[in-house]
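A.B. asks: Below is one structure. I have some questions about it.
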Amino acid sequence: MQLKENAKYIFAGIILLTIAFIQCYKTIHDLHWAFEPDFDRDIGYISNTLDGRFGSDPNIAGQYMWYNPLLYLSETAIVYITGLPVNIVVARAGAFLNLLGPVFFFFMMVKLFDYKIALAALASFLFLATGDLPGWGGATYSPWPLADSYVQFIFYLNIFLCYKAFSTQKMTWFILLGIFLGVSFLGHSAPTIIVILILMWLQGQKILIAVKERKVTAIKTYFLQGFFTVVPFVIFSFPFLYFVLVKYHLHFVNRTILQCAPGVFARKDTLELLKLNVTFPLIIALIGFVWFYRNYKNPIIRKIIFSWFCITLLMYCYEAVLPAANRILHIALPDTIPAFHYFFYFKAAQSVFFGFGFIALFSAAIKWLSGHISKRTGIKAPLSFPDNLIVAGILLFALAYYPVYSTRKDFVEPRQQALVKERQTDKIAVYNYISKNIPLDKVMLCGHDQSLFPVMATGVKMVSIEIYFSNPYISFEKREDDRNAMLSYLTTAQPKSAENLFAAYHVDYVLLTNEHYKNYKSPASISSSVVFKNNSFTLIALRNSI
Numbered sequence: 249m250q251l252k253e254n255a256k257y258i259f260a261g262i263i264l265l266t267i268a269f270i271q272c273y274k275t276i277h278d279l280h281w282a283f284e285p286d287f288d289r290d291i292g293y294i295s296n297t298l299d300g301r302f303g304s305d306p307n308i309a310g311q312y313m314w315y316n317p318l319l320y321l322s323e324t325a326i327v328y329i330t331g332l333p334v335n336i337v338v339a340r341a342g343a344f345l346n347l348l349g350p351v352f353f354f355f356m357m358v359k360l361f362d363y364k365i366a367l368a369a370l371a372s373f374l375f376l377a378t379g380d381l382p383g384w385g386g387a388t389y390s391p392w393p394l395a396d397s398y399v400q401f402i403f404y405l406n407i408f409l410c411y412k413a414f415s416t417q418k419m420t421w422f423i424l425l426g427i428f429l430g431v432s433f434l435g436h437s438a439p440t441i442i443v444i445l446i447l448m449w450l451q452g453q454k455i456l457i458a459v460k461e462r463k464v465t466a467i468k469t470y471f472l473q474g475f476f477t478v479v480p481f482v483i484f485s486f487p488f489l490y491f492v493l494v495k496y497h498l499h500f501v502n503r504t505i506l507q508c509a510p511g512v513f514a515r516k517d518t519l520e521l522l523k524l525n526v527t528f529p530l531i532i533a534l535i536g537f538v539w540f541y542r543n544y545k546n547p548i549i550r551k552i553i554f555s556w557f558c559i560t561l562l563m564y565c566y567e568a569v570l571p572a573a574n575r576i577l578h579i580a581l582p583d584t585i586p587a588f589h590y591f592f593y594f595k596a597a598q599s600v601f602f603g604f605g606f607i608a609l610f611s612a613a614i615k616w617l618s619g620h621i622s623k624r625t626g627i628k629a630p631l632s633f634p635d636n637l638i639v640a641g642i643l644l645f646a647l648a649y650y651p652v653y654s655t656r657k658d659f660v661e662p663r664q665q666a667l668v669k670e671r672q673t674d675k676i677a678v679y680n681y682i683s684k685n686i687p688l689d690k691v692m693l694c695g696h697d698q699s700l701f702p703v704m705a706t707g708v709k710m711v712s713i714e715i716y717f718s719n720p721y722i723s724f725e726k727r728e729d730d731r732n733a734m735l736s737y738l739t740t741a742q743p744k745s746a747e748n749l750f751a752a753y754h755v756d757y758v759l760l761t762n763e764h765y766k767n768y769k770s771p772a773s774i775s776s777s778v779v780f781k782n783n784s785f786t787l788i789a790l791r792n793s794i
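Take a look at the structure:
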């Protein structure tokens, strides 16, 4: 009976998802290359995994995996099953993989609240909350296969599991929560850290109260719950945790990557970020926040939602001001991940509160309208009238808003950039040659621009790579200085000390632009020959690499 009553909400939710999917599919359906270096990094990881090198750094010889693997493992499975080229899978898979995000968001909202609020929140999630932010800047459904956009579905599942664990107090739910926390860490650190902090806050409060009241049995139970959460977390996250914890001891050497603030999240653009977020949907979400605070009574859900909201806001602010604080205070405060990852989930909380705000406002308007009609005509509206009107209103809004939605920057600009990338035929030719002819354990020396594309995507090893895509557990500065010295030596014969670096780094190939190749001077102690050349690039084999 309940399912029949709620069928209209489920059907409306499917329509909203279909509208969003059509737009995402239109954005990527004919692309051959995705638009930015994140995708090239994933292509490199996929190539290494297919070559049986899971666990290794695809770009630095002798180093280990440092980036969460769930997304590229999912893409690897698609490549393996379908036989499609890696670059096409990475360019197009996001529209399908990322659909899990809104589906699980809707599921979470239904299980924690009700179908009516869930539908309104889903409309915000899909169409309103992020506005013109990039898809990685706020929780929404994006066509681009980035880790934040993909892995968010596990976060919403973990919020639900968190509620079930604390509301039922059954160990089964704590075990399941630990399992999916482990899977979450395989996907991305941000949602894992947020849920762990929520758990620490909820369980910490209970432990402190039990200690204060000297309830020994309760204290034992709470610690046992923690144990049954931590153990499955360690087990299921171990394929990644092993490398970053056991091999690297979570010791960051290249901390610049942790303070990455791309695009509108750059500190200098804080006012622009604020302007992009002060919107009418935010006002509705603020109304929902107030309504939730005053009227929603379930204590566990209240704590979970407010913890989610406060943790993401505080962690974003902390990470955003951290570089300046370190510089002013002359100390190194603890760092976690770039600030914008927390902002992503803060925007998801906005959609939650939007659901409450929208339903509160719409219900009040319908109540007034029904009363007004009843007074004037004496006709009372059917009991189902308000709910049906809410569903119809949300669907009509989605259809009317589609022309605006379809021009969202997250659809238009990345697609244009991807099409520009497809016209970089000389770079793509280099990628194809390296992928087909050079083993993945070979080391290539190349310039800064070429280290991102085409070389990073091939999965061959490099001397150095752009700082934000470099392994954070090893020194970037030394490798970068050595790369620059070797490239200088090849065109100016200076510095002399660079000649020994070729052997130290086991350099097998050199990729130069044709402009730089005009000045190429073959090292006296190293034999070299050109193995590939096109209008823009020259690829040189050193020693016996031919």
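Residue numbering for the sequence shown follows our numbering, starting at 249 and increasing by one per position.
Built from N, CA and C at the ideal position, the CB exists for glycine as well.
#1: Which ranges does the beta strand (DSSP E) cover as unbroken runs of at least 3 residues, wholly within the region 734 to 768, from first to last along the chain?
#2: Compare the C-alpha of LEU562 against each of LEU577, GLY379, ALA573 and PHE591 and name the closest.
#3: May I have the straight-line CA-CA distance separating ASN254 from LEU643, to the nearest angstrom?
#4: What are the boundary residues of the alpha helix (DSSP H) that includes VAL464?
#5: Identify the continuous alpha helix (DSSP H) that holds LEU519 and give its terminal residues.
#6: Here's a check: name, in chain order, each residue in its chain whose Cβ is nearer than 6 Å to the Cβ of VAL678, leaving out the five neighbours to either side.
#7: Within the continuous alpha helix (DSSP H) that includes LYS412, where are the two ends?
#8: Quick one: complete alpha helix (DSSP H) runs, 4+ long, within the region 540 to 565?
#9: Quick test of your reading: TYR757 and ILE788, contact by CB under 8 Å. State the CB separation rounded to the nearest angstrom.
#10: Note down, one range per segment and in chain order, each alpha helix (DSSP H) of at least 4 residues found wholly within the region 341 to 372.
#11: Which runs of the beta strand (DSSP E) fall wholly inside the region 254 to 310 and span at least 3 residues, in chain order?
#12: Given this structure, state the Cα-to-Cα distance separating MET448 from ASN316, to the nearest angstrom.
#13: Ignore the nearest five residues each way along the sequence and tell me which others in LEU749's own chain have a CB closer than 7 Å to its CB.
#14: Thinking C-alpha only, which one of LEU279, LEU570 and THR440 is nearest ARG671?
#15: Short check: CB of VAL708 to CB of LYS690, under 7 Å?
#16: Distance, Cα to Cα, ILE549 vs CYS410?
#17: Determine the DSSP secondary structure at ILE794, reduced to helix, strand or coil.
#18: Quick one: residues in its chain with C-beta nearer than 6 Å to the C-beta of TYR737, no 5 flanking neighbours on either side, listed in chain order?
#19: Is the region 374 to 390 close to the region 521 to 533, with three or more CB pairs under 8 Å?
#20: Is it buried or exposed for GLY331, if we count other Cβ within 10 angstroms and need 16 for buried?
#21: Give the DSSP bridge partners of ALA789, in chain order.
#22: Tell me the rounded alpha-carbon separation between PHE354 and LEU370.
#23: Would you mind sorting ASN406 into buried or exposed? The rule is 16 or more other CB atoms within 10 Å of its CB.
#24: Identify, in the order they occur along the chain, each residue of the same chain with its Cβ nearer than 7 Å to the Cβ of LEU264, setting aside the five sequence neighbours on each side.
#25: Could you round the C-beta distance between ASP583 and LEU506 to whole angstroms and report it? I think they count as a contact, below 8 Å.
#26: Hey, ALA741 and LYS766 are a contact pair by Cβ (cut 8 Å); roughly how many whole angstroms apart?
#27: Please list, in chain order, all residues of the same chain as SER304 whose beta carbon is under 8 Å from its beta carbon, the five residues on each side excluded.
#28: Do the CB positions of ILE682 and THR706 come within less than 7 Å of each other?
#29: Whose C-alpha, out of PHE717, PRO687, THR673 and ASP286, is nearest the C-alpha of ASN782?
#30: Look up TYR312 in the DSSP assignment and give the residues it is bridged to.
#31: Would ARG624 be called buried (16 or more neighbouring beta carbons within 10 Å of its own) or exposed?
#32: Starting from VAL691, trace the alpha helix (DSSP H) both ways and give me its first and last residue.
#33: VAL431 and PHE475: beta carbons closer than 7 Å?
#34: Which residue or residues does DSSP assign as beta-bridge partners of MET710?
C.D. replies: Short version:
#1: Here the runs fully enclosed are 755 to 761.
#2: By one-based count along the sequence shown, residue 562 stands at place 314. For the residues LEU577, GLY379, ALA573 and PHE591, the minimum Cα distance to LEU562 belongs to PHE591.
#3: Here residue 254 is taken as the residue at index 6 of the sequence shown, counted from 1. Here residue 643 is taken as the residue at index 395 of the sequence shown, counted from 1. Taking the CA atoms as reference points, ASN254 sits about 15 Å from LEU643.
#4: Numbered from 1 along the sequence shown, position 216 holds the residue referred to as residue 464. 464 to 489 is the span of the alpha helix (DSSP H), which, as asked, contains VAL464.
#5: Numbered from its first residue, the sequence shown carries residue 519 at position 271. In the DSSP annotation of this structure, the continuous segment of the alpha helix (DSSP H) that includes LEU519 starts and ends at 518 to 525.
#6: Numbered from its first residue, the sequence shown carries residue 678 at position 430. Around VAL678: PRO702 and PHE785.
#7: To locate residue 412, count along the sequence shown from 1; it is residue 164. 395 to 416 is the span of the alpha helix (DSSP H), which, as asked, contains LYS412.
#8: The region 540 to 565 contains no whole alpha helix (DSSP H) run of 4 or more residues.
#9: Taking the sequence shown and counting its residues from 1, one reaches residue 757 at position 509. Taking the sequence shown and counting its residues from 1, one reaches residue 788 at position 540. Indeed they touch by this definition, with Cβ atoms about 7 Å apart.
#10: Every alpha helix (DSSP H) stretch that sits fully inside the region 341 to 372 and reaches 4 residues is listed by chain position as 342 to 345, 348 to 360 and 363 to 371.
#11: The qualifying runs do not exist here; there are none.
#12: Position 200 of the sequence shown, counted from the start, is the residue given in the question as residue 448. Position 68 of the sequence shown, counted from the start, is the residue given in the question as residue 316. Going by the C-alpha atoms only, they are around 23 Å apart.
#13: Residue mapping note: residue 749 aligns to position 501 of the sequence shown, counting from 1. Same-chain partners within the cutoff: ASP730, ALA733 and MET734.
#14: Within the sequence shown, the letter at position 423 stands for residue 671. Considering only alpha carbons, the answer is LEU279.
#15: Translated into the one-based positions of the sequence shown, residue 708 becomes position 460. Translated into the one-based positions of the sequence shown, residue 690 becomes position 442. Contact: yes.
#16: Numbered from its first residue, the sequence shown carries residue 549 at position 301. Numbered from its first residue, the sequence shown carries residue 410 at position 162. The alpha-carbon separation between ILE549 and CYS410 amounts to approximately 9 Å.
#17: The sequence position of residue 794 within the sequence shown is 546, counting from 1. Because the pLDDT of ILE794 is 41, which lies under 50, any placement of that residue in the model is unreliable, and the number read from its coordinates should be weighed accordingly. Correct three-state label for ILE794: coil.
#18: Against the sequence shown, residue 737 aligns to sequence position 489. The beta carbon of TYR737 sits closer than 6 Å to those of ALA746, all from its chain and outside the five residues before and after it, given in chain order.
#19: They touch, by the three-pair rule.
#20: Here residue 331 is taken as the residue at index 83 of the sequence shown, counted from 1. By the neighbour-count rule (16 or more Cβ atoms within 10 Å), GLY331 is not buried but exposed.
#21: By one-based count along the sequence shown, residue 789 stands at place 541. When DSSP reads this structure, ALA789 sits in a beta bridge with TYR757 and SER777.
#22: If you number the sequence shown from 1, residue 354 lands on position 106. If you number the sequence shown from 1, residue 370 lands on position 122. Between PHE354 and LEU370, the C-alpha separation is close to 6 Å.
#23: On the sequence shown, position 158 is the one that residue 406 refers to. With 16 or more other Cβ atoms within 10 Å, it is buried.
#24: Taking the first residue of the sequence shown as 1, we reach residue 264 at position 16. Excluding sequence neighbours, LEU264 sits near LEU370, ALA371, LEU374 and ALA646.
#25: Locating residue 583 in the sequence shown gives position 335, where the first residue counts as 1. Locating residue 506 in the sequence shown gives position 258, where the first residue counts as 1. Between ASP583 and LEU506 the beta-carbon gap is near 5 Å, inside 8 Å, which marks them as a contact.
#26: What you label residue 741 is simply residue 493 of the sequence shown in a count that begins at 1. What you label residue 766 is simply residue 518 of the sequence shown in a count that begins at 1. That belief does not hold up - the Cβ atoms of ALA741 and LYS766 are roughly 15 Å apart, past 8 Å.
#27: Taking the first residue of the sequence shown as 1, we reach residue 304 at position 56. Same-chain partners within the cutoff: ASN296, GLN311, TYR312 and MET313.
#28: Working through the sequence shown from its first residue, we reach residue 682 at position 434. Working through the sequence shown from its first residue, we reach residue 706 at position 458. Contact flag set, yes.
#29: The residue given as residue 782 occupies position 534 in the sequence shown. For ASN782, the nearest C-alpha among the options comes from THR673.
#30: As a first step, residue 312 is located in the sequence shown; it is residue number 64 there, counting from the start. TYR312 pairs with SER304.
#31: Residue numbering aside, residue 624 sits at position 376 when the sequence shown is read from its first letter. By the 10 Å Cβ count, ARG624 comes out exposed.
#32: Indexing the sequence shown from 1 puts residue 691 at position 443. For VAL691, no alpha helix (DSSP H) segment is defined; the enclosing uninterrupted segment is the beta strand (DSSP E) at 691 to 694.
#33: Here residue 431 refers to the residue found at position 183 of the sequence shown. Here residue 475 refers to the residue found at position 227 of the sequence shown. Cβ atoms of VAL431 and PHE475: not closer than 7 Å.
#34: Reading the sequence shown from its first residue, position 462 is the one you call residue 710. DSSP lists MET692 as the beta-bridge partner residues of MET710.
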